[in-house]
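For reference, the structure is listed below as structure tokens.
Residue numbers (this note's numbering): 404 to 569.
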């Protein structure tokens, strides 16, 4: 027989430890207070959502949308203001640090353009004279086929003349 099952020995459960009555009441009451708080929270929450008409829902959604649109417009205006400030700062920077335009520079540019035109005209003259010389060479020279035929004709005639001599 085990100790726990004997009728003479008390069971060794934690509930069986003798507590003084006032302490037991405090523990029980504190447990009940926690449970009562949970129950009161659950009873205060509505189990069903409040009944709101569809018109009120639409009005609430429209208000939220208008608020978001206004926030977005405010951000866009802020962004545009920042960009305008950057552009103004950049223009001021260019005014402060860009050298003033010079008339000499402009005249140099026009001279450079005239020089460029002269070079182009000179190059086109060279190209036209070059193409003319190629055309004249092609007219003066026979083609490779004609040259090959002349060589073959010469070889055959020389061969026949050699055979005739013997």
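For every residue, glycine included, the Cβ atom is placed at its ideal position computed from N, Cα and C.
Discussion item. So, with DSSP's three-state summary, where would you put residue 455?
Written reply: coil
Worksheet item: How is residue 564 classed by DSSP in three states: helix, strand or coil?
Response: helix
Discussion item. Can you look up residue 478 in the DSSP assignment and give me helix, strand or coil?
Written reply: For residue 478, the three-state secondary structure derived from DSSP is helix.
Discussion item. Measuring only the C-alpha atoms, how far is residue 551 from residue 560?
Written reply: 14 Å
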